[in-house]
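Report on the structure given below.
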């Protein structure tokens with residue numbers, strides 16, 4: 775089988791890949807900022823103030839929301855990959871043998 779034909783059948787998802795990389799970086803940086811702020815609050819003995827508590831609730835909500843969005847799209851990507859794999863297996867099983 776020709777390699778060019780196989781590559782032509784694969785969709786080019788460069789924009790999707792870049793978007794997932796950006797989303798991963800955003801989640802990691804947000805989580806690091808959140809835990810860094812938590813560490814600072816512990817060191818400054820400012821853990822029990824209402825302002826710090828509200829900040830941590832908001833940041834925790836942002837981190838959980840970003841993780842939820844990422845996992846939702848990652849699950850869709852995984853389902854698409856499995857469907858494509860099943861299609862290729864079925865195509866291979868019904869292909870003519872020489």
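Residue numbers (the numbering used here): 775 to 872. Here a beta-carbon is modelled for each residue, glycine too, at the ideal position from N, C-alpha and C. Please read all numbers here as calculations on a predicted model, not as lab measurements.
Can you list, in chain order, the residues of its chain whose CB lies under 8 Å from that of residue 848, leaving out five sequence neighbours each side? Here residue 848 is taken as the residue at index 74 of the chain shown, counted from 1. Same-chain partners within the cutoff: 794.
Would you call the CB atoms of residue 841 and residue 801 closer than 8 Å? One-based indexing of the chain shown puts residue 841 at position 67. One-based indexing of the chain shown puts residue 801 at position 27. Less than 8 Å divides the Cβ of residue 841 from the Cβ of residue 801.
Residue 814 and residue 837 closer than 8 Å at C-beta: The sequence position of residue 814 within the chain shown is 40, counting from 1. The sequence position of residue 837 within the chain shown is 63, counting from 1. No, the pair does not count as a contact, with Cβ atoms beyond the cut-off.
Assuming contact is defined by CB atoms lying nearer than 8 Å, are residue 818 and residue 833 in contact in what I supplied? Within the chain shown, the letter at position 44 stands for residue 818. Within the chain shown, the letter at position 59 stands for residue 833. Cβ atoms of residue 818 and residue 833: not closer than 8 Å.
Apart from the five residues just before and just after residue 797, which ones in its own chain have a Cβ nearer than 8 Å to its Cβ? What you label residue 797 is simply residue 23 of the chain shown in a count that begins at 1. Cβ neighbours of residue 797 beyond the five flanking positions: 840, 843, 844 and 847.
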